[in-house]
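The structure under discussion appears below in the form of structure tokens.
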Amino acid sequence: MAAYDPTNIFARILRGEIPCKKVYEDDFALAFHDVNPQAPVHVLVIPKGPYINNMDFSAHAPADVVAGFWRAVGTVARDLGLEDQGYRLVANNGAGGGQVVFHFHVHIVSGKTPPGFGRVHA
Ligand code: AMP
């Protein structure tokens, strides 16, 4: 696996170098609106640590960091009022899995979602 690149755009958002439309933040995660929404609700949740994707995060993040991150994903979905209407979680992993930004992130999407969203860009 390639090394984590600290110049990626989400690392820059975490450092406050570029703005985001923040919806939630705690010790483990930052959540913000996707700049190019694919559904009426499209929020990204990212861990605060330098993990490239799910393969990296699931293998290398300490247990409290993994738990804190996934609790944050649930909190964000609940705070967005999505529990009843439902939502999808998507985590593209690797270029072949459609990942473009190489800082681990989970998409929370709800509402009308395009059929192609989340599919592998083969
Ligand atoms: P992925 O294909 O899973 O790597 O998704 C990356 C997502 O990041 C895309 O949905 C982009 O629209 C989104 N994105 C890229 N730059 C920004 C940004 N500055 N603020 C918010 N979302 C962004």
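Just add 51 to wherever you are in the sequence shown, counting from 1, and you've got our numbering.
Quick reminder that beta carbons are idealized off the backbone N, C-alpha and C, glycines included.
Item	Value
Under 7 Å from any heavy atom of the ligand AMP, does the C-beta of I60 make it?	yes
Would you call D107 buried or exposed, if buried means 16 or more other Cβ atoms sit within 10 Å of its Cβ?	buried
Quick one: give me the first and last residue of the beta strand (DSSP E) that L65 is part of.	Counting along the chain, L65 falls outside any beta strand (DSSP E), though it belongs to the alpha helix (DSSP H) covering I60 to L65.
Can you tell me whether A173 is helix, strand or coil according to DSSP?	Residue placement at A173 is flagged as unreliable, the pLDDT there being 45, under the threshold of 50; the coordinate-derived value follows with that caveat. Residue state, collapsed to three classes: coil.
Is I69 near the ligand AMP, going by C-beta to nearest heavy atom under 7 Å?	yes
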